[in-house]
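Residue numbers (the numbering used here): 11 to 238.
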Ligand code: NI
Ligand code: MN
């Protein structure tokens with residue numbers, strides 16, 4: 011399968027199914043694609059914040075794709091005319107077409123900003139998912155939590171997408187602990203350098219990971235892909 015970093019927290023997985031996670035393209039200063047460029051069977055959304063929900067509705071409608079999200083957020087997208095599958099933390103679903111998804115905890119919030127109001131929309135999450143014999147983990151926005159070791163790390167994770175930006179999520183020090191707990195074969199750092207508040211040195215993080223752990227760290231430029 012081909013995995014592409016589309017900037018910020020957006021990851022595209024193209025295998026026997028086409029999946030996009032947290033498709034924040036419009037207004038994302040690091041994105042190199044437009045929503046109309048994206049082919050997707052599934053849109054996985056970790057939470058309602060605009061830098062993750064992004065172009066979910068447009069991409070789902072363009073492709074008649076299924077949105078997978080925590081129940082409250084899934085319901086909202088259904089009300090906007092999209093096809094959606096609601097889940098919740100700890101739940102796993104076999105889509106019977108090669109894709110399995112398990113929703114994981116994320117220590118974060120989930121809301122839509124509507125003028126001066128913040129409208130809460132269920133819990134923030136991450137996703138473990140299985141496609142074409144590979145196990146992938148997108149942590150979403152989260153602080154470090156020890157169940158990464160006790161629950162999520164029990165799975166044999168091929169690739170993990172982990173935030174390192176700090177301020178809103180884990181920074182590089184906690185992310186290094188997370189990678190050690192996850193024991194993933196490869197980590198791709200995400201959610202950094204899109205804005206000044208989350209500026210980080212990804213090369214220093216890679217040196218730390220590869221110097222201290224048995225994990226490969228892949229730094230991807232927006233639009234860059236690798237084969238898994
Ligand atoms: Ni967020
Ligand atoms: Mn975010």
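Even glycine gets a Cβ: it sits at the ideal position worked out from N, Cα and C.
Which of helix, strand or coil DSSP assigns to residue 178
coil
In the DSSP assignment, find the alpha helix (DSSP H) that holds residue 86 and state where it starts and stops.
81-89
So, are the CB atoms of residue 74 and residue 56 less than 9 Å apart?
no
Could you pull the start and end residues of the alpha helix (DSSP H) that residue 220 belongs to?
212-222
Check: residue 59 C-beta below 8 Å from any heavy atom of the ligand MN:
yes
Buried or exposed: which applies to residue 28, given that a residue is buried once 16 or more other Cβ atoms fall within 10 Å of its Cβ?
buried
Does residue 73 come out as helix, strand or coil in the three-state DSSP assignment?
helix
With three or more C-beta pairs closer than 8 Å as the rule, is the region 218-238 touching the region 45-55?
no
Smallest Cα separation from residue 19: which of 38, 26, 25?
38
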